[in-house]
Amino acid sequence: MEIAEIKQQLSLSTVLQHYGLKPDKHLRLHCPFHDDKTPSLQVYYKTHTCYCFSSNCKTNGKSLDVIDFVMYMDGSSKHAAIEKCKQWVDGSLPSVNLPALTRTEVLGNLFMYFKNAVHNSKPAQEYLSGRGLDYRRVEVGYNAGQFHHGARKDEQLIKHCLSLGLLGEHDRKSKTGDAAYRVFGKWCLVFALRDRDDQVCGLYFRSTINETEQKHFYLKDRRGLYPCCPKPATERLILTEAIIDAATLLQQSAVTSSYSVLSCYGTNGFTQEHQTAIRNLRHLKEIIFAFDGDDAGRKAVAKYGALLREQLPQVVISSLELPAGEDVNSVFLSHEPGVLEHLLVARKEFFVSSEKETTTVAASVEVSPGLDTGNPYKLGYSTEKINYYVQGGVSKVLDSMKVTLVVERKDNGQKSRNKVDLYEDRQIDKLAREVGERLQLDVSLLETDLHQLTDLLDSYREKELVPPVTDHGSANGSYPLTEQERSAATAFLKSPELLARLNEQLGRTGIVGEEKNRLFLLLIALSYKMPETLHALIQGSSGSGKTRLLKQISECMPPEKVTRLTRVSDKVLYNYPEHYFINRLLCLEDIDGLSEEAEFAFRELQSNGELNSATSIKLDNGQITSGQKTVKGPIASLACTTRGEIYEDNMSRVFLLAVDEGAEQTIRIISYQNSKASGQTDGREEKEAQRFIQHLVRAIEPHAVINPYAGRLELPADAHKIRRLHDLFLNFVKMITLVHQYQRTKDSKGRLITEIQDLEMAVDIMFDSIVLKVDELDGSLRQFFEQLKGWLRKEYGESCKTAAFTLREVRQALRCSKMQVFRCFTDLHRLEYVRQQGGHANRGFTYQVIYWDNYAALRARVKQHLQLQIDALKDVTPAPSMLHQ
Numbered sequence: 001m002e003i004a005e006i007k008q009q010l011s012l013s014t015v016l017q018h019y020g021l022k023p024d025k026h027l028r029l030h031c032p033f034h035d036d037k038t039p040s041l042q043v044y045y046k047t048h049t050c051y052c053f054s055s056n057c058k059t060n061g062k063s064l065d066v067i068d069f070v071m072y073m074d075g076s077s078k079h080a081a082i083e084k085c086k087q088w089v090d091g092s093l094p095s096v097n098l099p100a101l102t103r104t105e106v107l108g109n110l111f112m113y114f115k116n117a118v119h120n121s122k123p124a125q126e127y128l129s130g131r132g133l134d135y136r137r138v139e140v141g142y143n144a145g146q147f148h149h150g151a152r153k154d155e156q157l158i159k160h161c162l163s164l165g166l167l168g169e170h171d172r173k174s175k176t177g178d179a180a181y182r183v184f185g186k187w188c189l190v191f192a193l194r195d196r197d198d199q200v201c202g203l204y205f206r207s208t209i210n211e212t213e214q215k216h217f218y219l220k221d222r223r224g225l226y227p228c229c230p231k232p233a234t235e236r237l238i239l240t241e242a243i244i245d246a247a248t249l250l251q252q253s254a255v256t257s258s259y260s261v262l263s264c265y266g267t268n269g270f271t272q273e274h275q276t277a278i279r280n281l282r283h284l285k286e287i288i289f290a291f292d293g294d295d296a297g298r299k300a301v302a303k304y305g306a307l308l309r310e311q312l313p314q315v316v317i318s319s320l321e322l323p324a325g326e327d328v329n330s331v332f333l334s335h336e337p338g339v340l341e342h343l344l345v346a347r348k349e350f351f352v353s354s355e356k357e358t359t360t361v362a363a364s365v366e367v368s369p370g371l372d373t374g375n376p377y378k379l380g381y382s383t384e385k386i387n388y389y390v391q392g393g394v395s396k397v398l399d400s401m402k403v404t405l406v407v408e409r410k411d412n413g414q415k416s417r418n419k420v421d422l423y424e425d426r427q428i429d430k431l432a433r434e435v436g437e438r439l440q441l442d443v444s445l446l447e448t449d450l451h452q453l454t455d456l457l458d459s460y461r462e463k464e465l466v467p468p469v470t471d472h473g474s475a476n477g478s479y480p481l482t483e484q485e486r487s488a489a490t491a492f493l494k495s496p497e498l499l500a501r502l503n504e505q506l507g508r509t510g511i512v513g514e515e516k517n518r519l520f521l522l523l524i525a526l527s528y529k530m531p532e533t534l535h536a537l538i539q540g541s542s543g544s545g546k547t548r549l550l551k552q553i554s555e556c557m558p559p560e561k562v563t564r565l566t567r568v569s570d571k572v573l574y575n576y577p578e579h580y581f582i583n584r585l586l587c588l589e590d591i592d593g594l595s596e597e598a599e600f601a602f603r604e605l606q607s608n609g610e611l612n613s614a615t616s617i618k619l620d621n622g623q624i625t626s627g628q629k630t631v632k633g634p635i636a637s638l639a640c641t642t643r644g645e646i647y648e649d650n651m652s653r654v655f656l657l658a659v660d661e662g663a664e665q666t667i668r669i670i671s672y673q674n675s676k677a678s679g680q681t682d683g684r685e686e687k688e689a690q691r692f693i694q695h696l697v698r699a700i701e702p703h704a705v706i707n708p709y710a711g712r713l714e715l716p717a718d719a720h721k722i723r724r725l726h727d728l729f730l731n732f733v734k735m736i737t738l739v740h741q742y743q744r745t746k747d748s749k750g751r752l753i754t755e756i757q758d759l760e761m762a763v764d765i766m767f768d769s770i771v772l773k774v775d776e777l778d779g780s781l782r783q784f785f786e787q788l789k790g791w792l793r794k795e796y797g798e799s800c801k802t803a804a805f806t807l808r809e810v811r812q813a814l815r816c817s818k819m820q821v822f823r824c825f826t827d828l829h830r831l832e833y834v835r836q837q838g839g840h841a842n843r844g845f846t847y848q849v850i851y852w853d854n855y856a857a858l859r860a861r862v863k864q865h866l867q868l869q870i871d872a873l874k875d876v877t878p879a880p881s882m883l884h885q
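This is the structure we're talking about:
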């Protein structure tokens with residue numbers, strides 16, 4: 001076979017697919033022949049060549065054909081590349097099976113392509129403009145029928161499009177001789193339909209050239225909702241008949257601030273998926289139909305209104321009164337701005353029973369007569385002759401009432417817009433005179449109205465500042481458990497081997513390995529419920545997974561009780577609301593980035609549970625005086641660091657944990673990553689496991705705990721700052737008892753009584769943390785030192801204690817970075833565990849371990865010390881007076 005025949009029969013796309021390379025939409029690749037941070041390899045499918053524009057490439061500016069590309073990729077000779085290409089052409093070379101894409105991945109990629117097409121399509125932009133839609137504010141795409149052209153050689157994409165119905169095969173061939181395809185939804189707007197995980201699982205096509213005949217197109221396996229599943233916190237939901245209507249509402253910030261929007265697919269398109277999504281809205285108070293003002297729309301409202309009233313009897317069903325023959329989009333186009341908000345305010349309650357007449361729904365909670373609070377960002381007040389609108393709402397600062405006020409005459413629509421502080425009588429008098437002169441209104445009437453409006457706004461703001469009360473009577477917005485959720489959580493908390501089962505549940509959330517650490521951290525985080533909270537500092541080298549572990553544990557806590565921060569500025573903790581941190585979990589992803597001031601504030605919140613700062617206050621007369629700002633706790637906290645030893649003041653206040661950086665843990669993590677990428681691990685199951693643990697935490701009530709064994713178990717005397725460690729240990733034992741509250745007895749005062757097994761479990765879980773308190777080395781440094789000693793024993797045998805080695809040998813043996821090895825050896829040298837033996841700065845130094853401590857013996861000694869005391873306690877029964885004091 002001649003070279004020319006090979007080049008003619010073997011396409012470049014086939015070669016790229018074999019090596020797992022896929023160009024972007026501009027047919028560019030990260031060049032595989034050098035370290036390429038930005039795509040520099042341009043692919044030319046027409047000539048089946050490619051060219052790298054980087055001067056660092058080993059191709060030296062040469063245009064590559066398919067044979068050259070194979071030669072450079074395999075690092076082989078030209079002859080070997082030709083032979084391989086021959087095998088390709090005759091079919092004897094095994095094909096590469098690329099990983100299959102899921103439906104959501106394919107549709108998500110295609111929708112991204114369609115979205116980008118809108119920016120380059122004048123017909124699409126003109127049609128959207130004619131419908132009053134802004135493509136920069138609404139997520140919309142355009143199908144010009146070209147999406148498969150650049151991918152003609154991408155057989156996998158073509159197959160997916162054929163299976164989804166986006167393409168259909170033609171009998172004829174294209175002009176180039178390739179297969180020809182019919183494009184589904186050509187010259188249509190494209191809207192994404194999403195599943196409950198917010199992934200694109202379906203597409204809706206709206207024709208831009210046909211308004212009389214067929215204009216709506218869905219994929220053959222229609223699924224998904226537009227714009228997405230309503231958020232769980234939704235209280236008021238608007239149901240539209242068409243997606244264009246929903247998109248129109250989504251552009252109105254006054255609507256989206258108070259309502260969620262969900263589109264049906266026509267008068268017969270209220271699917272089971274819609275009903276399921278609505279039934280899952282636990283806080284839903286009202287469903288508002290915004291169907292077309294025609295017979296079909298009214299019949300559909302009657303039909304689905306009756307269905308929803310039967311399924312959700314506690315939810316109000318209402319309907320917008322659209323003009324005859326109009327829909328939401330046409331009303332928006334043909335009327336003044338604000339018409340949709342007006343229709344929402346004037347909506348009518350829909351009753352299935354004919355005995356009742358339709359009545360107007362109270363669209364807002366009126367805190368005072370005459371004040372319309374339906375839109376909190378546009379408060380309204382109306383008198384006989386004048387309309388008043390407060391744009392942007394009112395400030396939460398109680399010493400002023402600065403507003404942007406619009407005054408409108410009802411008879412002719414003339415308006416006056418002003419910024420004014422309604423707490424200033426002089427400003428009100430001045431405003432009344434100016435507006436009266438401009439709009440030809442009675443000044444005294446304006447003054448009376450403005451004073452009345454000020455009182456109404458004052459009352460409204462006071463109501464808004466009162467925290468909402470939940471089903472459990474708390475004012476912190478906590479999530480109320482349903483009877484079914486509480487029953488399941490209680491049954492779990494009553495089960496035997498509770499901590500072991502809880503640890504298994506943590507494993508299902510995606511936390512790989514770290515069996516002791518993950519349970520330990522969960523119990524520490526759970527202490528936010530108690531007056532005596534606990535704190536943890538997670539140590540590990542860069543990239544060891546400490547931040548991921550913190551994030552996964554915090555996601556198992558009720559989100560309304562967690563504050564997770566990446567960065568903390570100097571004084572930000574002093575500026576939180578006074579009661580914000582009370583019984584809250586604070587997570588700092590990297591404590592190394594804290595300044596000295598922020599670190600001090602964090603430390604005080606941990607220890608004292610309160611921050612008090614003196615500040616300056618400006619009085620009304622302009623005088624500056626002193627004042628005090630307080631931020632109250634207590635908080636529980638989790639934080640990460642790579643340099644635990646530098647936080648001397650913090651370490652005594654917290655439990656120290658070192659992440660597992662061993663080879664076996666690395667293998668487990670890589671295996672999990674592979675399982676996740678291949679789809680074997682279901683992310684939805686992990687989220688369900690997280691939600692269940694959140695329910696468990698919510699079901700655990702704070703209780704006082706007494707420990708009859710306090711003082712009978714002594715921690716190792718050589719532990720670092722034994723006073724604080726002993727207090728931490730007693731509080732952790734309380735947490736073990738608290739988790740078992742459904743299995744522990746109570747004394748006459750209702751306090752939980754600690755049992756021996758609580759002590760035993762506490763010692764087992766926090767054993768590594770106790771050892772770290774006894775050990776001179778911090779957790780990350782200890783792991784490195786033990787790996788170093790293990791390598792020396794393996795490499796040098798009996799002479800390991802006198803062996804000299806270089807840092808390069810250590811880096812290569814332990815597979816550590818240069819910076820990590822340098823930092824660890826600096827600390828070991830400072831602590832006199834290793835010494836620099838000889839060498840030169842230019843040729844490198846040699847080192848020797850001079851202190852071979854027996855870490856295994858240390859752990860065994862501490863374990864025996866604690867176990868002997870526990871065994872002795874098992875033979876002692878607490879006195880009854882102690883149990884019922």
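Residue 850 in full-length UniProt numbering sits at position 850 of the sequence shown; the count goes up by one each step and never skips.
For glycine and all other residues, C-beta sits at the position ideal for the given N, C-alpha and C.
Determine whether the beta carbon atoms of residue 546 and residue 585 lie at a separation below 7 Å. Numbered from its first residue, the sequence shown carries residue 546 at position 546. Numbered from its first residue, the sequence shown carries residue 585 at position 585. No.
When DSSP labels each residue in this structure, what does residue 741 get in the three-state scheme? Here residue 741 refers to the residue found at position 741 of the sequence shown. Here residue 741 sits in coil by DSSP.
Going by DSSP, what residue range makes up the alpha helix (DSSP H) through residue 408? As a first step, residue 408 is located in the sequence shown; it is residue number 408 there, counting from the start. Note, residue 408: premise wrong, no alpha helix (DSSP H); beta strand (DSSP E) at 402-409.
In whole angstroms, give me the CA-to-CA distance for residue 669 and residue 68. Working through the sequence shown from its first residue, we reach residue 669 at position 669. Working through the sequence shown from its first residue, we reach residue 68 at position 68. When rounded, the distance between both Cα atoms is 38 Å.
Residue 396 beta carbon near the ligand SAM (any heavy atom closer than 6 Å): You won't find the ligand SAM in this model; it holds no ligand whatsoever.
DSSP-derived helix/strand/coil call for residue 168: Sequence index remark: in the sequence shown, residue 168 carries index 168 (1-based). Three-state result, residue 168: strand.
Does residue 320 pass the burial test, meaning 16 or more other C-beta atoms within 10 Å, or should it be called exposed? Stepping through the sequence shown from its first residue, residue 320 is reached at position 320. Label assigned to residue 320: buried.
Does the beta-carbon distance from residue 849 to residue 672 come in below 7 Å? Working through the sequence shown from its first residue, we reach residue 849 at position 849. Working through the sequence shown from its first residue, we reach residue 672 at position 672. No, the Cβ-Cβ distance between residue 849 and residue 672 is not below 7 Å.
Count the other CB atoms within 10 Å of the CB of residue 240; is the residue buried (16 or more) or exposed (fewer)? Position 240 of the sequence shown holds residue 240. Residue 240 comes out buried.
Would you decide whether residue 852 is buried or exposed? Buried here means 16 or more other CB atoms lie within 10 Å of its CB. As a position in the sequence shown, residue 852 is number 852, starting the count at 1. Exposed, by the Cβ-count rule.
Is it buried or exposed for residue 258, if we count other Cβ within 10 angstroms and need 16 for buried? As a working mapping, residue 258 is identified with position 258 in the sequence shown. It counts as buried.
Please list the terminal residues of the continuous beta strand (DSSP E) segment that includes residue 536. Within the sequence shown, numbered from 1, the residue matching residue 536 stands at position 536. Segment 535-539, the beta strand (DSSP E) holding residue 536.
Starting from residue 627 and walking both ways along the beta strand (DSSP E), at which residues does that stretch end? Numbered from its first residue, the sequence shown carries residue 627 at position 627. Counting along the chain, the beta strand (DSSP E) containing residue 627 begins and ends at 624-632.
Could you check where the beta strand (DSSP E) with residue 776 kicks off and where it finishes? The count along the sequence shown starts at 1 and reaches residue 776 at position 776. Looking at the DSSP string, residue 776 is not in any beta strand (DSSP E), and its letter there is neither H nor E.
If we count Cβ pairs, one from each stretch, closer than 8 Å, do we get three or more for the segment 192-206 versus the segment 216-226? yes
Out of 770, 90, 846, which one is the CA nearest neighbour of residue 655? The count along the sequence shown starts at 1 and reaches residue 655 at position 655. The shortest Cα separation from residue 655 among 770, 90, 846 belongs to 770.
Among 275, 168, 495, which one has its Cα closest to the Cα of residue 219? In the sequence shown, the residue the question calls residue 219 occupies position 219. The residue with the shortest Cα to Cα distance from residue 219 is 168.
Indicate the three-state DSSP secondary structure (helix, strand or coil) for residue 229 in the structure shown. Here residue 229 refers to the residue found at position 229 of the sequence shown. Reduced to three states, the DSSP call for residue 229 is coil.
If you compare alpha carbons, which of 507, 516, 525 is closest to residue 945? The chain is shown only over 1 to 885; residue 945 falls outside these bounds and no answer can be derived.
Along the chain, where does the beta strand (DSSP E) that runs through residue 283 open and close? Reading the sequence shown from its first residue, position 283 is the one you call residue 283. Careful: residue 283 lies outside any beta strand (DSSP E) and carries neither H nor E.
Do you know offhand how far residue 754's Cα is from residue 138's? Position 754 of the sequence shown, counting from 1, holds the residue named residue 754. Position 138 of the sequence shown, counting from 1, holds the residue named residue 138. About 58 Å.
Buried or exposed: which applies to residue 557, given that a residue is buried once 16 or more other Cβ atoms fall within 10 Å of its Cβ? As a working note, residue 557 is residue 557 in the sequence shown. So residue 557 ends up on the buried side.
Residue 234 vs residue 260 beta-carbon contact at 7 Å: On the sequence shown, position 234 is the one that residue 234 refers to. On the sequence shown, position 260 is the one that residue 260 refers to. Contact: yes.
Got a sec? Which residues, its chain only, sit under 6 Å from residue 681 by beta carbon, not counting five neighbours each side? Residue 681 sits at position 681 when you count from the first residue of the sequence shown. Correct list, in chain order: 675.
Which whole-angstrom value describes the C-beta separation of residue 886 and residue 641, a residue pair presumed to lie in contact below a C-beta threshold of 8 Å? Because the chain here runs from 1 to 885, residue 886 falls outside it and cannot be looked at.
Cα-Cα separation between residue 516 and residue 660, rounded to whole angstroms: For the purposes of this step, residue 516 is taken as residue 516 along the sequence shown, with counting starting at 1. For the purposes of this step, residue 660 is taken as residue 660 along the sequence shown, with counting starting at 1. So the two alpha carbons sit approximately 10 Å from each other.
Looking only at DSSP bridge pairs, what is residue 264 linked to? As a first step, residue 264 must be located in the sequence shown, where it is residue number 264. Residue 264 is not bridged to any residue.
In its own chain, which residues sit with a C-beta less than 7 Å from the C-beta of residue 10, not counting the 5 before and 5 after it? Here residue 10 corresponds to residue number 10 of the sequence shown, with the count starting at 1. For residue 10, where only same-chain residues beyond five positions count, the Cβ hits under 7 Å are 66, 85, 88, 89.
With C-beta atoms as the reference, is residue 292 less than 7 Å away from residue 327? Translated into positions along the sequence shown, residue 292 becomes position 292. Translated into positions along the sequence shown, residue 327 becomes position 327. Yes. Within cutoff.
Own chain partners of residue 201 with C-beta closer than 6 Å, once the 5 adjacent residues on each side are dropped: Counting from one through the sequence shown, the residue named residue 201 turns up at place 201. Result list for residue 201: 104, 195, 223, 224, in chain order.
According to DSSP, which residues form a beta bridge with residue 488? For the purposes of this step, residue 488 is taken as residue 488 along the sequence shown, with counting starting at 1. Answer is none; residue 488 lacks a bridge partner.
For residue 633, count neighbouring Cβ atoms within 10 angstroms of its own Cβ and tell me buried if that reaches 16, exposed if not. In the sequence shown, the residue the question calls residue 633 occupies position 633. When all chains shown are included, residue 633 counts as buried.
For residue 432, count neighbouring C-beta atoms within 10 Å of its own C-beta (all shown protein chains included) and say buried if the count is 16 or more, exposed if not. Position 432 of the sequence shown, counting from 1, holds the residue named residue 432. The residue in question, residue 432, is buried, as its Cβ has 16 or more Cβ neighbours within 10 Å.
What do you get for residue 20, buried or exposed, if any count of 16 or more other CB atoms within 10 angstroms of its CB means buried? If you number the sequence shown from 1, residue 20 lands on position 20. Burial call: exposed.
Please determine if the segment 736-756 and the segment 781-791 are in contact, where contact requires at least 3 C-beta pairs separated by less than 8 Å. no
Could you tell me the alpha carbon to alpha carbon distance between residue 281 and residue 424, rounded to whole angstroms? Indexing the sequence shown from 1 puts residue 281 at position 281. Indexing the sequence shown from 1 puts residue 424 at position 424. Looking at the two C-alpha atoms, the distance is approximately 45 Å.
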